[in-house]
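Here the numbering used here is used: the first residue of the first sequence is 67, the next is one more, and so on.
For glycine and all other residues, C-beta sits at the position ideal for the given N, C-alpha and C.
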Amino acid sequence: MSKEKVGITVSKKDDFSEWYTQVVLKAKLADYAPVKGLIVLRPDGYSIWESLKNTFDKKFSKNGIRNGFLPVLIPESLLGKEQKHFAGFNPEVFWVTHSGENEVGDRLALRPTSETLAYTLYSKWIKSWRDLPLKINFWNTALRAEIKATKPFLRTSEFLWQEGHTVHATEKEAKDEVITILDIYKNTVEEELAIPVITGKKSEKEKFVGAVYTTTMESIMPDGKALQMGTSHFLGQNFSKPFEVKFADKDNVEHFAWQTSWGISWRLIGAMIMVHGDDKGLVLPPKVAPIQVVIVPIYNQDEDKKRVWEKTEEIKNQLESKSIRVHIDDRNELSPGYKFNDWEMKGIPLRIEIGPKDIQKQKIVLAKRYNKEKIDLDFKEIEKINSILNEIQTKMLEIARDQAKLNTFDISNYSEFKERIGKGGFVEAYWCGKQECEDKIKEETGADIRVISFENENKDGNCVYCNETSIEVPIFARGY
RNA sequence: GGGAACGUCGUCUAGCUUGGUAUGAUACUAGUCUGGGGGACUAGUGGUCGCAGGUUCAAAUCCUGCCGUUCCCA
67 MSKEKVGITV SKKDDFSEWY TQVVLKAKLA DYAPVKGLIV LRPDGYSIWE
117 SLKNTFDKKF SKNGIRNGFL PVLIPESLLG KEQKHFAGFN PEVFWVTHSG
167 ENEVGDRLAL RPTSETLAYT LYSKWIKSWR DLPLKINFWN TALRAEIKAT
217 KPFLRTSEFL WQEGHTVHAT EKEAKDEVIT ILDIYKNTVE EELAIPVITG
267 KKSEKEKFVG AVYTTTMESI MPDGKALQMG TSHFLGQNFS KPFEVKFADK
317 DNVEHFAWQT SWGISWRLIG AMIMVHGDDK GLVLPPKVAP IQVVIVPIYN
367 QDEDKKRVWE KTEEIKNQLE SKSIRVHIDD RNELSPGYKF NDWEMKGIPL
417 RIEIGPKDIQ KQKIVLAKRY NKEKIDLDFK EIEKINSILN EIQTKMLEIA
467 RDQAKLNTFD ISNYSEFKER IGKGGFVEAY WCGKQECEDK IKEETGADIR
517 VISFENENKD GNCVYCNETS IEVPIFARGY
């Protein structure tokens, strides 16, 4: 009875939503804050974010992008400078109306996104073609008041993200940058988080307000709902004109610049939990796990204890010399069984059990989190753990790919389409390109166009809704 | 956008209908024994019942408002 209450109390299959929340809270990734819609990131959660941040920073840096920092307050007059953009964000903006007791003149927005602020400054900094390209990334938070029910990492009124803003002399260069970034996003998510994504364009309706077009990466979650994993926007000159981001070209003629913006958020952590987790809790891909190997020493009498400890320390040193993140669970008050369950809930990829019996056999017991497999490993084979971690990382991506495939459907008939959407999943279907059909589909099924995959553009067929000649094959799904 | 439920030690919860300052478990602390899948025993610590008003001799309980959380349906 009491046993049941410690761990996750519902199965992923039976009550996905409850399961998800329990994993977040019980694996100590995050907790609710005392303000509606806000969460607190705890060290185990933040560590995953830091790991992603480090990987992105390396890749951004290679691409000539540097980090900067922007303030959180944006005056209303600035935020409203690009009309469509403002209209899109206005309903969810938090406003600061007072400083101390005094009302402020121009209301101050807590940034929902920083385009307007960044480009005001960019216009000051850019004078000549020699100042281009300008590529700056900002790690910060954005605030968007959520009316709908919130969920840790997936929908919160403040979220951690990065927003990149680049400026280019030519249209082509900016468009290329959009794709370069999307590629970085895709390979990072697949390689680090072991989550497969589909990249492509958003429809006109779903694009970022103010962009010429939006590229996106989308994933399908185990409950059949789609999750937007990151976006990269081609802004064209939509912002450079109102914000006067201009430069003198080599021929001394003044031009408006071409711009991009792009971002990923801590939603990626939510996706990782959903895609890999199981009934025992979190399952972390080795690359982002704060602890990769946990050692649980087992002993009874003092004599054994000493020997076990010596070996434990030795293994720890061996692994650390290979740059593996190791932790010894030296909590004396807990039984081994409790510790096994505890670390499984936290998703640590590998667990080493070592006790008197193992020392006698010159072996350790190695338990893999993702498939619950337990194997014996000779003391001499400790260095194999490195390749086992790599293998786990690869396998986890493979499994996730297989799952995603099972959740993807090719459908041409509308009644089938409706039925399928009701059950969840990515549905590929022909589309005429008219927003009217897109709206009707949304109205009747709740599904929207998640992504028009780069691989599926310009295919012939008949629109799943109106039956007219199609121009694209988007992926439809209900989303988070 | 519409609907429903819930809020009591850290966590889960009894009590609420029929008002009388709160039950149990778990966690936590100390000690002893244990130790290979959520250990045992003993002794302790911890709440004033989401917040603010109201009714009453008396409110966790009844009333009003607010805040928060969750779930379901477009």
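- When the beta-carbon positions are compared, residue 365 and residue 422 come within less than 8 Å of each other.
- Runs of the beta strand (DSSP E) lying entirely within the region 471-501 and spanning at least 3 residues, in chain order: 474-476 and 492-494.
- Under DSSP, residue 282 forms a beta bridge with 266 and 297.
- In this structure, DSSP gives residue 466 a helical state, which the three-state scheme calls helix.
- Residue 228 carries a strand assignment under DSSP once its states are collapsed to helix, strand and coil.
- By the Cβ rule, the region 456-468 counts as touching the region 259-275, because three or more pairs are nearer than 8 Å.
- Residue pairing for residue 326: DSSP places it in a beta bridge opposite 232 and 300.
- For residue 141, the enclosing beta strand (DSSP E) begins and ends at 139-141.
- If you look at residue 171, you'll find it in the beta strand (DSSP E) that goes 168-176.
- For residue 134, no alpha helix (DSSP H) run applies; the uninterrupted beta strand (DSSP E) run containing it begins and ends at 132-134, by DSSP.
- For residue 161, the enclosing beta strand (DSSP E) starts and ends at 160-165.
- Distances from the CA of residue 279 to each of 515, 270 and 184 were compared; the closest alpha carbon is that of 270.
- A check of alpha carbon separations from residue 230 across 181, 237 and 473 identifies 181 as the nearest.
- Here the C-alpha atom of residue 540 lies approximately 6 Å from the C-alpha atom of residue 495.
- If you compare the alpha carbons of 451, 437, 431 and 368 with that of residue 392, the shortest gap goes to 451.
- Look at the beta carbons and you see the region 77-95 touching the region 332-340: at least three pairs across the two are nearer than 8 Å.
- Residue pairing of residue 320 in beta bridges, as defined by DSSP: 314.
- When C-alpha distances from residue 461 are compared across 386, 342 and 150, the shortest belongs to 342.
- Taken through DSSP and simplified to helix, strand or coil, residue 344 comes out as strand.
- Assigned with DSSP and collapsed to three states, residue 505 falls in helix.
- Residue environment for residue 300: buried (at least 16 other C-beta atoms within 10 angstroms of its C-beta).
- Comparing alpha carbon positions, the residue from 374, 538, 206 and 147 closest to residue 330 is 206.
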